[in-house]
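According to the numbering used here, numbering within the sequence shown proceeds without interruption in unit steps and concludes at 131. Every residue gets a Cβ at the ideal spot worked out from N, C-alpha and C, and that includes glycine. Keep in mind that this is a model prediction, so the values were computed, not measured. Comments concern the structure below.
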Amino acid sequence: MFILVGILILIGLGFNVLGAISLYRFPDVYTRLHGATKCTTFGTLFTMFAVAVYSFGRLVMTGEARFGVLIIHSAIAAFVLLVTNATGAHALARAAHRSGILPAGAVVDRLEEYDEIRNKREEAKA
6 MFILVGILIL
16 IGLGFNVLGA
26 ISLYRFPDVY
36 TRLHGATKCT
46 TFGTLFTMFA
56 VAVYSFGRLV
66 MTGEARFGVL
76 IIHSAIAAFV
86 LLVTNATGAH
96 ALARAAHRSG
106 ILPAGAVVDR
116 LEEYDEIRNK
126 REEAKA
């Protein structure tokens with residue numbers, strides 16, 4: 006059990022380090038956001054999974070209910086992380102686009118075209 010927990014923590018650490026490296030290596034805000042969000046999400050999920058595995062092992066060995074509660078808390082935190090991390094990254098990318106920051110090497114901006122069409126529809130309704 007301890008070997009599995011150690012491996013899971015090392016995998017989580019590896020993903021978190023890759024996320025930190027992506028902030029320095031990627032060229033623009035969108036790819037940096039992608040790298041940081043994906044890597045930290047997986048890194049944190051592996052770390053939470055390590056906590057759940059350790060807690061399950063302790064629950065089986067000792068029978069103490071507090072380890073069961075820790076497993077439930079880890080599962081809830083993982084769910085919240087999955088929802089909020091993706092939503093937050095989307096909101097930051099959308100705000101960057103609306104601020105006029107374009108992706109590196111962008112040729113066509115389909116989102117800008119969509120925004121123009123939507124604005125024309127809203128003006129026609131008013």
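Nearest by alpha-carbon distance to residue i: which of the options is it?
i      : options                       : result
Ala111 : Leu15, Leu28, Tyr35 and Gly17 : Tyr35
Ala83  : Gly48, His39 and Tyr29        : Gly48
Met53  : Phe31, Leu15 and Tyr29        : Leu15
Gly62  : Ala94, Leu50 and Ile76        : Ile76
Val22  : Lys43, Arg99 and Met6         : Lys43
Leu66  : Ala100, Met6 and Glu118       : The amino acid at residue 66 is misidentified as Leu; the sequence shows Met. The candidate whose alpha carbon is nearest that of Met66 is Met6.
Assuming contact is defined by CB atoms lying nearer than 8 Å, are residue i and residue j in contact in what I supplied?
i     : j      : result
Arg45 : Gly19  : Checking the sequence shown, residue 45 turns out to be Thr, not Arg. No, Cβ-Cβ distance for Thr45 and Gly19 is not below 8 Å.
Leu86 : His102 : no
Leu64 : Phe51  : no
Pro32 : Ala91  : no
Looking only at its own chain, which residues have a Cβ that is under 7 Å from the Cβ of residue i, when we skip the five neighbours before and after it?
i      : result
Ala55  : Val10, Leu13, Ile14 and Gly17
Ile106 : Val34
Ala96  : none
Residues in its own chain within less than 6 Å of residue i by CB, not counting five upstream and five downstream?
i     : result
Ser79 : Met53, Val56 and Ala57
Ala94 : Leu38 and Thr42
Shorter than 8 Å from the beta carbon of residue i to some beta carbon of chain B?
i     : result
Ile26 : Protein chain content of the structure displayed is limited to a single chain, and chain B is not contained in it.
Closer than 8 Å by C-beta to residue i: which residues in its own chain qualify, once you throw out the five before and the five after it? Chain order, please.
i     : result
Leu28 : Arg37, Gly40 and Ala41
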